[in-house]
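Going by this note's numbering, the first residue of the sequence shown is number 385, and it counts up by one from there.
Glycine residues also receive a C-beta, built at the ideal position from the N, C-alpha and C atoms.
Read the structure below first, then the notes.
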Amino acid sequence: MRKIKGSPQPFGVDIKGKNINFAVQVAKGKTCELLLYKRGKEVPEYQFDMPEEEGVGEVRFLSVEGLKADRYEYNFLIDGKVCVDPYVKELAGKEKFGVERKLQEHQIRGKIVSMEDYDWQEDQRLHLPWEDVVAYGLHVRGFTKHSSSKVVHKGTFQGVVEKLDYLKELGVNQIQCMPVYEFEECGKTKVNYWGYGKGFYFAPKKAYAYGKSAVRELKDMVRACHSQGIEVVLEMPFVPGISANYVTECLRFYMLEYHVDGFVLNPYNVPWEQLIEDPFLKDIKLMQKDDGFQNVMRRFLKGDENMVNDVIWALKNRSSENGKCNYITTQTGFTLWDLVSYDCKHNEENGEKNLDGPDYNYSWNCGAEGPSRKRSVVNLRKNQVKNALELLLTAQGTPCLLAGDEFCNSQRGNNNAYCQDNETGWVNWTQLKKDDWLFQYTKKLIGLRKEHRCLHQSTALSGMDTTRCGIPDVSYHGENAWQVKAEVSSRQLGVLYSGTKEGEFPCFTAYNMHWLPHHFAIPSIGKNVEWYLVMATKDGVLCEAKKLENQKDVLLEERSVAILVGRRIEEKKSRSEKKPIHTAKTQNVNKIEKRQGAEELCKEEQPAREGKV
385 MRKIKGSPQP FGVDIKGKNI NFAVQVAKGK TCELLLYKRG KEVPEYQFDM
435 PEEEGVGEVR FLSVEGLKAD RYEYNFLIDG KVCVDPYVKE LAGKEKFGVE
485 RKLQEHQIRG KIVSMEDYDW QEDQRLHLPW EDVVAYGLHV RGFTKHSSSK
535 VVHKGTFQGV VEKLDYLKEL GVNQIQCMPV YEFEECGKTK VNYWGYGKGF
585 YFAPKKAYAY GKSAVRELKD MVRACHSQGI EVVLEMPFVP GISANYVTEC
635 LRFYMLEYHV DGFVLNPYNV PWEQLIEDPF LKDIKLMQKD DGFQNVMRRF
685 LKGDENMVND VIWALKNRSS ENGKCNYITT QTGFTLWDLV SYDCKHNEEN
735 GEKNLDGPDY NYSWNCGAEG PSRKRSVVNL RKNQVKNALE LLLTAQGTPC
785 LLAGDEFCNS QRGNNNAYCQ DNETGWVNWT QLKKDDWLFQ YTKKLIGLRK
835 EHRCLHQSTA LSGMDTTRCG IPDVSYHGEN AWQVKAEVSS RQLGVLYSGT
885 KEGEFPCFTA YNMHWLPHHF AIPSIGKNVE WYLVMATKDG VLCEAKKLEN
935 QKDVLLEERS VAILVGRRIE EKKSRSEKKP IHTAKTQNVN KIEKRQGAEE
985 LCKEEQPARE GKV
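Shown next, in the form of structure tokens:
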């Protein structure tokens, strides 16, 4: 093993045959050495000087000949201080979550990793259109760490893989993962459970792997998700002041090496305009979190006044134009069940005297703070979470669910569980096993959204007759058709989508967030269309579309949503009308044909059937 002339590019470690190159940025005037450790040892076995005069600008580099990558680990010693390579691809010494390890005592070291020996089996990024995505936000550890998850590899990338059948049945086709890179989870007094803050962004978190290689297991997870038609998006909340070049290199790296489909970024910490113009990142989803949709819909949900115009904006806004997904809940703030169960945050167990976390959650406890056995309170909460999901999944923008919201997961009123690496912060699957009513409802809603293109259109809605069908692509209504009741006291809105192409069914969604029932006049879109109720908050999940007896008016009970779908009368008659046949033989044929016709009609008119968890 000997030092030879190296290359200043790329940064980090680069394996070239029998030679391994190391390059790192070091400020002028500082000393730098490469430390090499036998794998698993905490004492350096070799040290190689990286003098400033042999560098280029602020880059120090060298190559080591005869170094076997699988037998050694490394760090840099800069001005007498042990430093981990900012471009390290995997860490040693961080195998267990929440166990403090000291870098200055060489307990944390960089692995020398080859990125070329993984079999992707022809895997490619999915490139799902924005409008077709139904996303699902999760914390890789917290998603399956709870004993109720019943997975074998709890709290790991593989644990997510074990839940893919569940996610596919629910209907989501994208997961948005909270930080999966190496971060320091051991703070001075609390655990950094979420992972925000400074980190080694190029290295997947070793504590999220059940085996020896976090690199391999993150790739396994991505490949498995893609095989099920599910995109993988990583949240990368880089710290303020980070280099633009570093951010760009990191995103390119995950896109190329891990086949990642997109990133959630903080636009205030990264060069957003530079990133969206980067040629490598042109066909990847770059997203930013924004609470605009969330706050509007939460306020409308609980019955705040003067919200109708804001709701119109929120329903129409599209993610592909601004990179913003629609959220009702995220990890910051209440879970969906807590949103309708608490007026105030309850973060006492965080140890900050309940001063942390957002104060304005636009929540409503439905008449009792916290858990309640009152039937009226529980029923109202169930009603409200269904309303929230309908607001989310009938909006044009890309929806994102928070893991566990689909079965009433609770954090007991904690709206800032950043330090709760325990049953408070983990998803508790017990409620799903007890009663899957909300799972089935959410699944049905997602299926309904996918079935009707007008609920997730590929182009922006203009309010004009773009398809020459005689009515606008989108129009807004109140208790009177074609008239929006948008004054301060109004809490009602009807939205009509005409359908995007010939043959597609129109949809009318009526939202009544008032505490009183209201009639909605159904807008006429032609004599050859009949309206069917396919989903309603008060009626729960409908197994079959129900034809309205009154085609001109629908009564919505207090705090409820109804979704209507138009069916063309001609299609129904053409399938069901048969000429009378009187012979015994032809009568049997006629019965078979009528039964087959009825089955075909049911398949067309009835939404997707529910399955069991």
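Going straight from the alpha carbon of residue i to that of residue j, what length do you get?
i, j, result
"G543", "Q612", "15 Å"
"K963", "I953", "Caution is warranted here: a pLDDT of 45 is assigned to K963, below 50, making its placement in the model unreliable, and no coordinate value can be reported."
"L1069", "E484", "Only positions 385 to 997 of the chain appear in the structure, and residue 1069 is not among them; the question remains open."
"D469", "E438", "19 Å"
"E989", "V497", "Only weak support is given to the placement of E989: the predicted model assigns it a pLDDT of 39, under 50, and the value that follows is read from those uncertain coordinates. Rounded to the nearest angstrom, the two C-alpha atoms are 55 Å apart."
"C927", "C609", "30 Å"
"E515", "D849", "21 Å"
"K758", "Q841", "42 Å"
"S859", "G735", "50 Å"
"K603", "G797", "35 Å"
"K828", "P901", "25 Å"
"G396", "F567", "18 Å"
"S533", "D549", "13 Å"
"K589", "G526", "14 Å"
"H530", "Q804", "13 Å"
"Q505", "P435", "43 Å"
"K936", "V517", "34 Å"
"C634", "D857", "41 Å"
"G878", "Y580", "41 Å"
"D688", "E914", "34 Å"
"F432", "P394", "19 Å"
"R682", "L785", "14 Å"
Would you say the beta carbon of residue i comes nearer than 8 Å to a heavy atom of the ligand GDP?
i, result
"K931", "Although the ligand GDP was asked about, the structure shown includes no ligands whatsoever."
On the criterion of 16 or more Cβ atoms from any shown chain inside 10 Å, does residue i qualify as buried, or is it exposed?
i, result
"W697", "exposed"
"Q971", "Low local confidence applies: a pLDDT of 44 at Q971 is under 50, so the model's placement there is unreliable, and no value is given."
"T778", "buried"
"H511", "exposed"
"A591", "buried"
"Y652", "exposed"
"D923", "exposed"
"K414", "exposed"
"G424", "exposed"
"V536", "exposed"
"T814", "exposed"
"R951", "buried"
"R702", "buried"
"Q867", "exposed"
"D743", "exposed"
"K596", "exposed"
"I976", "Residue placement at I976 is poorly supported in this model, since its pLDDT is 38, which falls under 50; the coordinates still yield a value, given next. With fewer than 16 other Cβ atoms within 10 Å, it is exposed."
In three-state terms, what does DSSP make of residue i?
i, result
"W656", "helix"
"C728", "coil"
"D937", "strand"
"E661", "helix"
"F892", "strand"
"Y881", "strand"
"V913", "strand"
"I953", "helix"
"D857", "coil"
"I830", "helix"
"H836", "coil"
"A870", "coil"
"H643", "coil"
"Y746", "coil"
"Y565", "strand"
"I404", "strand"
With distances taken from CA atoms, which of the options is nearest residue i?
i, options, result
"L665", "N679, F637, D674 and N690", "F637"
"H898", "V945, I855 and S391", "V945"
"A598", "G494, P663, V623 and L877", "G494"
"Y520", "Q393, Q715 and T632", "Q715"
"E601", "P742, M499, K827 and C784", "M499"
"Q508", "L461, I614 and H523", "I614"
"L522", "C750, G539 and S531", "G539"
"L640", "F586, T719, L419 and I626", "F586"
"L764", "N557, E942 and P563", "E942"
"F481", "K574, V427 and Y421", "K574"
Any C-beta of chain C sitting closer than 9 Å to the C-beta of residue i?
i, result
"N771", "Absence of chain C from the displayed structure is noted, only one protein chain being present."
Under 8 Å, with one C-beta from each stretch per pair, do the segment 715-731 and the segment 767-779 reach the 3-pair mark?
yes
Are at least three pairs of beta-carbons, each pair with one atom in the segment 657-675 and one in the segment 464-482, less than 8 Å apart?
no
Cβ contact check for the segment 804-820 and the segment 863-872: 3 or more pairs under 8 Å
no
Are the segment 404-411 and the segment 431-445 touching by the rule of at least three beta carbon pairs closer than 8 Å?
yes
Stretch pair the segment 816-828 + the segment 744-754: three plus CB contacts closer than 8 Å:
no
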